[in-house]
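What follows is a single structure, written as structure tokens, with notes after it.
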Amino acid sequence: MKLCRFDTDRLGLVLGDMVADVSAVLDDLPAWRWVPPPGDALIAALPDLRPRIQALAETAPRLPLAGLRLAAPVAAPSKVIGAPVNYHDHLDEAQADADLHHGQTVHPIDRMGCFLKATSALAGHGAVIALPFDDRRVDHEAEVAVVIGRTAHKVPAEAALAHVAGYALALDMTVRGPQERSLRKSCDGFAVLGPWLVTADEIADPGAIGFELTVNGTARQASDTRYLIRSIPELIEMVSAFYTLHPGDVIMTGTPAGVAPVAPGDVVVVTSPALGRLEVSIG
Ligand code: MN
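Mapping of the sequence shown onto the numbering used here: position 18 corresponds to residue 708, and the numbering continues sequentially without gaps.
This is how it looks when you write it as structure tokens:
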């Protein structure tokens, strides 16, 4: 199942080049007064809602996918987690390039652990990402993202994939510089997720998701989750040892070699046979 969010928080089921508007299922979500429970209510309820989504799609209005601007498919994660330096080829380039490490020693993920990106940085397919400074380098980082499906606390790697709702492409946009990652990677629009959520049942092997990134049609990054230093199950074990993962929480699993600056007017596209095509432009 491929689920997208379009227009003003409408829910769509992607069917080829069309989107079935299955927003009526949102009426089945619990209604809360302040304060809602942590995490994304739709992702939390998804296992129960799937039959109704499929049924609604039979008769729901259908819109052409082309031209729809999509929001991030997860509306309200409690956390967006980033994995620094989780591909060997990116470790090599980061250690070799002073513009990437800024005099700091770059360590692989086992030493660094993970970081957090502000949830206010979320953006979706078709977004225009504003560069926040005239004089700071901003890089693209193409990544595969994992969306947590149910509460996970101290989950061993062997049990981790049972806690996954699905997968999406991501851009972990980054201001280069000496500050903390959480600051530099949390500007508005810097956590791009999409184009839609591909539910876990459609991904035969999350350890073999290929993806690539182009800027203005020129290839810049290409890799596969098989080359992750810490695999998706290992990442879930690592971070859930520190904090509870709630439904909808997003783990951006790291970027391979080829990170490079973007400029106003650039069109950045991440594609994956399994996850679709995610495009943004730089404003
Ligand atoms: Mn990254």
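Even for Gly, the Cβ is constructed at its ideal location relative to N, Cα and C. This structure is a prediction, so every number in the text was calculated from the model and none was measured.
- Counting every other CB atom within 10 Å of its CB across the protein chains shown gives Ala786 a total below 16, marking it as exposed.
- Look at Arg871 here: in three-state DSSP terms it is helix.
- CA-to-CA, the gap between Pro720 and Ala731 works out to about 8 angstroms.
- Excluding the 5 residues flanking it on each side, Val712 has same chain C-beta neighbours closer than 7 angstroms at Leu701, Gly702, Leu703, Ile743, Leu746, Ala747, Ala750, in chain order.
- Sorting Val775, Gly879, Tyr933 by C-alpha distance to the C-alpha of Lys844 places Tyr933 at the top.
- In this structure, the alpha-carbon of Lys692 lies about 5 angstroms from that of Leu887.
- Going by C-alpha positions, Gly900 is about 6 angstroms away from Ser913.
- Contact annotation: Leu935 and Thr841 have beta-carbon atoms nearer than 9 angstroms.
- Judged by the Cβ position, Thr915 fails to qualify as a neighbour of the ligand MN at the 8 angstroms threshold, every heavy atom of the ligand being at least this far.
- Gly772 has its CB nearer than 8 angstroms to a heavy atom of the ligand MN.
- For Met802, the shortest C-beta to heavy atom distance toward the ligand MN is 8 angstroms or greater.
- At a Cβ-Cβ threshold of 9 angstroms, Ala909 and Glu783 do not count as neighbours.
- In this structure, Asp782 has its beta carbon at no less than 8 angstroms from each heavy atom of the ligand MN.
- Here the residues close to the ligand MN, judged by CB distance below 5 angstroms to any of its heavy atoms, are Glu831, Asp862, Thr945 in chain order.
- Burial is judged here by how many other beta carbons sit within 10 angstroms of a residue's own beta carbon; Gln911 has at least 16 and is buried.
- With a minimum length of 3 residues, the unbroken runs of beta strand (DSSP E) contained wholly in the region 908–932 fall at 908–914.
- Counted as a single uninterrupted DSSP element, the stretch harbouring His830 is not any alpha helix (DSSP H) but the beta strand (DSSP E) occupying residues 828–830.
- With three or more CB-CB distances shorter than 8 angstroms, the region 803–818 counts as touching the region 964–972.
- Distance from the CA atom of Val958 to the CA atom of Pro767, rounded to whole angstroms, is 24 angstroms.
- Between the C-alpha atoms of Glu848 and Ser876 there is a straight-line separation of about 31 angstroms.
- The Cβ atoms of Gly938 and Val828 lie no closer than 9 angstroms to each other.
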